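Below is one structure; the comments refer to it alone.
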Amino acid sequence: MVELTWVIPALPLLGFLLLLAFGRRLGDPLAGWLATATVGGSFAATVVVFLGLRGADGGDAHRYTQTLFTWLPAGGFSVDVGFLVDPLSITMCLFVTGTAALIHLYSIGYMHGDEGFSRFFVYMNLFVFSMLVLVLGDNLLLTFLGWEGVGACSYFLIAFWHTKEANASAGKKAFVTNRIGDWGYLVAILLTFFALGSITYTDIFAGAGGLATTTATAIAVLLVIGAIGKSAQLPLYVWLPDAMAGPTPVSALIHAATMVTAGVYLLTRMNPVIAQASPWVSTTIAVVGAATALFAATVAVAQHDIKRVLAYSTVSQLGYMFLAVGSGAYVAAIFHMVTHAFFKALLFLGSGSVIHGMGGEQDMRRMGGLRALMPVTAATFIVGWLAIAGVPPFSGFWSKDEVLLFAWEKHPLLWAVGLVTALLTAFYMGRLVFLTFFGEPRWRRAGTHPGGEAEQSAAEVADDGGGATSTATAVTAVAAEQEVHPHESPWTMTVPLVVLAGLSLLGGVINLSFLSRLQVLEHWLEPVVEAGEHHLDSSSGVKLGLAVVATVASLVGIGLASVLYLRRSAADRPAEPDILLEGWHYDQAVSAFAGGPGRRFFDATTWFDRHIVDGAVNGVAALIRGLGGVARGLQSGYVRSYALGVAAGAVVLVAVFVLRGVAL
Amino acid sequence: MILAATPISASWYLGLSALLFTVGAVGLLVRRNPLVMFMCVELMLNAVNLTFVTFARELDDVGGQVVVFFVLVVAAAEVVIGLGIIVGILRRRPGATADDLSLLKG
Chain A
3 MVELTWVIPA
13 LPLLGFLLLL
23 AFGRRLGDPL
33 AGWLATATVG
43 GSFAATVVVF
53 LGLRGADGGD
63 AHRYTQTLFT
73 WLPAGGFSVD
83 VGFLVDPLSI
93 TMCLFVTGTA
103 ALIHLYSIGY
113 MHGDEGFSRF
123 FVYMNLFVFS
133 MLVLVLGDNL
143 LLTFLGWEGV
153 GACSYFLIAF
163 WHTKEANASA
173 GKKAFVTNRI
183 GDWGYLVAIL
193 LTFFALGSIT
203 YTDIFAGAGG
213 LATTTATAIA
223 VLLVIGAIGK
233 SAQLPLYVWL
243 PDAMAGPTPV
253 SALIHAATMV
263 TAGVYLLTRM
273 NPVIAQASPW
283 VSTTIAVVGA
293 ATALFAATVA
303 VAQHDIKRVL
313 AYSTVSQLGY
323 MFLAVGSGAY
333 VAAIFHMVTH
343 AFFKALLFLG
353 SGSVIHGMGG
363 EQDMRRMGGL
373 RALMPVTAAT
383 FIVGWLAIAG
393 VPPFSGFWSK
403 DEVLLFAWEK
413 HPLLWAVGLV
423 TALLTAFYMG
433 RLVFLTFFGE
443 PRWRRAGTHP
453 GGEAEQSAAE
463 VADDGGGATS
473 TATAVTAVAA
483 EQEVHPHESP
493 WTMTVPLVVL
503 AGLSLLGGVI
513 NLSFLSRLQV
523 LEHWLEPVVE
533 AGEHHLDSSS
543 GVKLGLAVVA
553 TVASLVGIGL
563 ASVLYLRRSA
573 ADRPAEPDIL
583 LEGWHYDQAV
593 SAFAGGPGRR
603 FFDATTWFDR
613 HIVDGAVNGV
623 AALIRGLGGV
633 ARGLQSGYVR
643 SYALGVAAGA
653 VVLVAVFVLR
663 GVAL
Chain B
-6 MILAATPISA
4 SWYLGLSALL
14 FTVGAVGLLV
24 RRNPLVMFMC
34 VELMLNAVNL
44 TFVTFARELD
54 DVGGQVVVFF
64 VLVVAAAEVV
74 IGLGIIVGIL
84 RRRPGATADD
94 LSLLKG
């Protein structure tokens, strides 16, 4: 049954091609149904392959390579288009195609009536195809192809409503920032090839043990750079919050559940190399992850845009996965990736449902009390909230607990940062839920305030984010301008919410940590990560203690949020510090640097490239051309001068032979 | 009568051959009429043929004569093509010299 592997990426590709050709003719909603059907078929194929792989036994039975054709034959080196099916890639495929299918279904409702309806699904199918190539590719280069493919689709979809300047530049920002990471990945591929003579994973796994520490360290560091770019870690996270300019299903699929986890996947895939590298590499990964987790969580606390909260939350959770990878907890990283895919997709889709119902409103200051009007969305959202907050027995509790346990083993300080992050996560998600679904409705307070303030505060709202000081008045100003009638979303949108809520609730069962027998995911992934996986020897007492502390932290966070926000009215002063709203001014600092001192450096690099690097190439070309110009004079076109040349040459030859006394 | 009495040795033939070759080479270099230059080339070829035949007789080796046949065949083929080109050129541009036909300069 594993022979069906090629079907998994082929179906979305087919959908992409069909939609490209006939998408406009199919229109709304048929194009969406076609796209959903192909991705759903892909999920079905994945399940079949998974069952086939599960059923196989024997030593290497859980690894299967399907080679389709040779892509780049170059002498002794060749790159195949082939798929590597092993526990890791099939786990990834399962949740990628599963969530993608649900999000496609959701998009049919969400994108209904949009001009670019079929174009949207063209990109979405192409994205799923690229993501599957990334995950299934049996060598670094094919993974890189998928890596760039998802990057391109991310760019297309962030800038989907490209007529708005901000969206277009957000797309560009994502693309450019990702290039920095891609550079690292590309150099890592070259280095791997020079070190091992092959870039196929099976060869890398076999040869990683023999790598010199320096080489392995260099490869690992470059891969980490690539992963930092793709998975939006410090210092390259800046693109992800801006990527929320795209339609909400895009945020859910690409910028929460799947694409941004590609960096974590890559590091997990290459764990034998990281295991061979110097220990400081994994420490760096853990520190970067912990720092990102905490940093993004603090920023998420103060955001007003519902999607921006979730975006920073995603950055923070990806930091958790990095922390896990750095602590040698590859299984925990993948476990958290899977549960995160469930609950974060759920939260994003839920926020999309809210935005949809509110007629495009994204500012939480103008929401509130939606629980009664959108019961399904509210109920599912609360499940997602409890899952991400780490309340037992929701899925997030199990995976987060696992990560924290390994962090504790690595260094208690990392654990402490993770714990504070968990508290903050519970807090800001509580804030989001209370502001959106509880409290008094703040979207219909038109006319209750003096009208004189309205114009002044409307101007403040216009520069988004800057209006933190005038919450109450801003709300009335906008509400006065337009009447909002929140309503529940159609079934195509609520069904995925319900399914994802079920998965968020029960997703933890794939790896229940308290009994070795129940750690299904760990046993399943073991052959892939055995080289790099750190093995714990914590007593069950430590495990239990940490779990209790983490749960208490979550509940404290939720409690704080309920104290601060549950009874919040529109007239209250905002509680969020400005510096957090501005994201610690990191974005501005980057812009200031890139525009100021950095600019000179970039200009110098450009000059170097243009004059030294290009100069060397162009100089050689000019030299050859000059020499050619000299030689050209000989080619006069006069037959008689050629004849003279021939005659003179003959005479010289004869003279040489005669003078040297050789018998002719 | 003295001439008739003098035996004609190989040197004579070789001398004649050298003379013919020189006439051909100089003609090729100094004349501008393509047709005449062409005839000069023929002259040089036949001068070489004469050398081959002389040595073939002198050394009693038929190989030299065989080479002459090859040269004749090649020369015949060359004449067909060369004359065709020259006639074609002269028909389009009457009175053209070899120096006029210098379009293929670098």
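Protein chains in written order, with my numbering: chain A, 3 to 666; chain B, -6 to 99.
Each residue gets a CB set at the ideal place from its N, CA and C atoms; glycine is no exception.
Computed from a prediction, not measured in an experiment: that's the story for all the values here.
The continuous stretches of beta strand (DSSP E) do not include residue 165 of chain A, and DSSP gives it neither H nor E. With the rule of 3 Cβ pairs closer than 8 Å, the stretch 130 to 146 of chain A does not count as touching the stretch 162 to 170 of chain A. Around the C-beta of residue 401 of chain A, 16 or more other C-beta atoms lie within 10 Å, and the residue is accordingly described as buried. Against residue 2 of chain B, chain A offers no close residue; the least beta-carbon distance is about 20 Å (beta-carbon pairs closer than 7 Å). As the crow flies, the alpha-carbon of residue 127 of chain A is around 27 Å from that of residue 238 of chain A. Checking the DSSP bridge columns, you'll see residue 79 of chain A partnered with A:76. Rounded to the nearest angstrom, the Cβ distance from residue 172 of chain A to residue 247 of chain A is 4 Å, consistent with a contact under 8 Å. By DSSP's assignment, residue 141 of chain A forms a beta bridge with A:202. Distance from the Cα of residue 645 of chain A is smallest, within the candidate group B:79, B:21, B:87, for B:21.
Near chain B, meaning a CB-to-CB distance below 7 Å, the residues of the stretch 635 to 654 of chain A are 637, 638, 639, 640, 641, 642, 645, 646, 649. Any Cβ of chain A closer than 8 Å to the Cβ of residue 22 of chain B would place that residue at the interface, and such an atom is present. In the three-state DSSP reduction, residue 365 of chain A falls in the strand class (E or B). The C-alpha of residue 592 of chain A lies about 27 Å from the C-alpha of residue 431 of chain A. In the three-state reduction of the DSSP assignment, residue 350 of chain A falls in the helix class, which pools H, G and I. Residue nearest to residue 505 of chain A within the set A:267, A:342, A:374, A:658 is A:342 (criterion: CA-CA distance).
Residue-level contact by beta carbon fails for residue 89 of chain B and chain A, as no gap is shorter than 8 Å. Between residue 501 of chain A and residue 351 of chain A, the alpha-carbon positions lie close to 12 Å from each other. Assigned with DSSP and collapsed to three states, residue 550 of chain A falls in helix. Within the same chain, Cβ atoms closer than 8 Å to the Cβ of residue 224 of chain A are found at 186, 187, 189, 190, 193, the five residues on either side in sequence being excluded. Taking the beta carbon of residue 13 of chain B as reference, no residue of chain A falls within 8 Å; the closest one sits roughly 15 Å away. At a cut-off of 8 Å between beta carbons, residue 96 of chain B contacts chain A. Between the stretch 63 to 79 of chain A and the stretch 21 to 41 of chain A there are fewer than three C-beta pairs closer than 8 Å, too few to call the two in contact. Put simply, of A:412, A:236, A:544, A:367 the residue whose alpha carbon is nearest the alpha carbon of residue 586 of chain A is A:236. In summary, residue 412 of chain A is buried, with 16 or more beta-carbon neighbours lying within 10 Å of its beta-carbon over all protein chains present. Contact of residue 54 of chain B with chain A is not assigned, every C-beta pair being separated by 8 Å or more. Scanning its chain for C-beta atoms nearer than 7 Å, with the 5 sequence neighbours on each side dropped, one finds around residue 79 of chain B the residues 27, 28, 31, in chain order.
Counting the other Cβ atoms within 10 Å of the Cβ of residue 532 of chain A gives fewer than 16, which makes it exposed.
By the 16-neighbour rule on beta-carbons within 10 angstroms, residue 590 of chain A is exposed.
Here residue 244 of chain A is buried, its C-beta having at least 16 other C-beta atoms within 10 Å. As a beta-bridge residue in DSSP terms, residue 69 of chain A pairs with A:84. In terms of CA proximity to residue 157 of chain A, A:125 leads the group A:182, A:131, A:144, A:125.
Within the DSSP secondary-structure output, residue 307 of chain A pairs in a beta bridge with A:365.
Going by DSSP, residue 537 of chain A is part of no alpha helix (DSSP H) at all; its letter is neither H nor E. The continuous stretches of alpha helix (DSSP H) do not include residue 394 of chain A, and DSSP gives it neither H nor E. Of the residues assessed, residue 196 of chain A falls on the exposed side of the cut-off, its CB having fewer than 16 other CB atoms within 10 angstroms. Listed along chain A, no residue sits closer than 8 Å to residue 68 of chain B by beta-carbon distance, the nearest being about 17 Å off.
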